[in-house]
Amino acid sequence: MLLAVGSTSRGTDTHWSDLEMLMITKEEVPKKTFLKGLVPVTTNSITEKILCGILEEPGVEWPFYAGLVKNLVVLEGDASKPEQYYDLARSVPEEKFRRALKENLSELVFESCGRIFSCIARKRYEDVYCAVIETLLEMKTVLCLLKCTHVNHDYFEGLQESFKFRKLPERYPVLATRLWRSRSPFDIANYSRDLFRNYLSLLREERLLQK
Numbered sequence: 001m002l003l004a005v006g007s008t009s010r011g012t013d014t015h016w017s018d019l020e021m022l023m024i025t026k027e028e029v030p031k032k033t034f035l036k037g038l039v040p041v042t043t044n045s046i047t048e049k050i051l052c053g054i055l056e057e058p059g060v061e062w063p064f065y066a067g068l069v070k071n072l073v074v075l076e077g078d079a080s081k082p083e084q085y086y087d088l089a090r091s092v093p094e095e096k097f098r099r100a101l102k103e104n105l106s107e108l109v110f111e112s113c114g115r116i117f118s119c120i121a122r123k124r125y126e127d128v129y130c131a132v133i134e135t136l137l138e139m140k141t142v143l144c145l146l147k148c149t150h151v152n153h154d155y156f157e158g159l160q161e162s163f164k165f166r167k168l169p170e171r172y173p174v175l176a177t178r179l180w181r182s183r184s185p186f187d188i189a190n191y192s193r194d195l196f197r198n199y200l201s202l203l204r205e206e207r208l209l210q211k
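The numbering of the sequence shown is the numbering used here, which starts it at 1 and goes up by one.
Below, the structure written as structure tokens:
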């Protein structure tokens with residue numbers, strides 16, 4: 001089955017957009033990339049078995065793939081399949097999400113948020129903004145797993161979707177927005193400190209982190 005993904009599937013392509021497609025196959029197929037004029041074209045593949053495994057057993061990749069199957073466009077193949085995959089993702093019980101959070105908690109937010117302060121301490125201010133984006137996108141992943149859901153967009157638009165979740169760190173929408181937009185290392189340090197403290201409080205309230 002051949003599928004259009006990303007801005008192509010959403011109909012939001014611009015003159016500078018790439019063309020990204022996904023094949024869902026029975027056997028593994030190598031990734032293909034090439035240029036069509038100046039447009040990068042990528043065809044990724046994933047076996048149906050691996051895809052269903054990701055959707056049935058949540059991990060850090062689950063929000064991405066759940067959002068993917070929700071929003072893709074079938075170019076060739078069984079048009080009913082994406083809905084079946086999405087139903088599979090939606091049928092996962094909450095206990096599996098909580099187990100996934102406990103198993104993967106150390107991989108998300110802690111290192112990237114620490115890198116913000118390391119960059120500032122080393123006076124590597126040019127690198128701090130990358131660490132900010134990593135922190136916020138990883139926190140979004142945690143919040144998706146906590147809510148057993150996904151977002152439908154990338155980057156800041158996806159972050160804004162997570163602002164509507166029921167379980168959030170205190171002042172998350174305000175602090176996350178300020179962090180994303182800030183260019184002052186000193187403001188970033190303050191916002192990061194507040195957001196991380198509130199994030200830890202949420203994890204403790206949810207019994208994902210010991211008090």
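Idealized CB from N, CA, C, for every residue including glycine.
Check: Counting pairs of beta carbons, one from the segment 166–184 and one from the segment 135–154, are three or more of them closer than 8 Å?; Outcome: yes
Check: Please report the straight-line C-alpha distance between residue 64 and residue 124, rounded to a whole angstrom.; Outcome: 31 Å
Check: What number of angstroms, rounded off, separates the C-alpha of residue 42 from the C-alpha of residue 205?; Outcome: 43 Å
Check: Who pairs with residue 20 in a beta bridge, going by DSSP?; Outcome: 42
Check: Residue 40: which of 21, 152, 58 sits nearest, CA to CA?; Outcome: 21
Check: How about the segment 108–118 and the segment 188–197: do they share at least three Cβ pairs that are nearer than 8 Å?; Outcome: yes
Check: Which full runs of the beta strand (DSSP E) of 3+ residues lie inside the segment 58–127, going along the chain?; Outcome: 73–76
Check: Output needed for residue 203: all residues of its chain with C-beta closer than 6 Å, excluding positions within five of it in sequence on either side, in chain order.; Outcome: 209
Check: Check this for me: beta carbons of residue 192 and residue 179, under 9 Å apart or not?; Outcome: yes
Check: Is the beta carbon of residue 110 less than 9 Å from the beta carbon of residue 58?; Outcome: no
Check: Checking 9 Å against the spacing of the C-beta atoms, do residue 182 and residue 132 come in under that value?; Outcome: yes
Check: Terminal residues of the continuous beta strand (DSSP E) containing residue 35?; Outcome: 32–36
Check: Please state whether DSSP places residue 47 in a helix, a strand or coil.; Outcome: strand
Check: Could you round the C-beta distance between residue 94 and residue 148 to whole angstroms and report it? I think they count as a contact, below 8 Å.; Outcome: 6 Å
Check: Helix, strand or coil, according to DSSP, for residue 209 in the structure here?; Outcome: coil
Check: Using the DSSP secondary-structure output, state which residues sit across from residue 4 in a beta bridge.; Outcome: 21, 73
Check: Give a yes or no on whether the C-beta atoms belonging to residue 107 and residue 60 are separated by under 9 Å.; Outcome: yes
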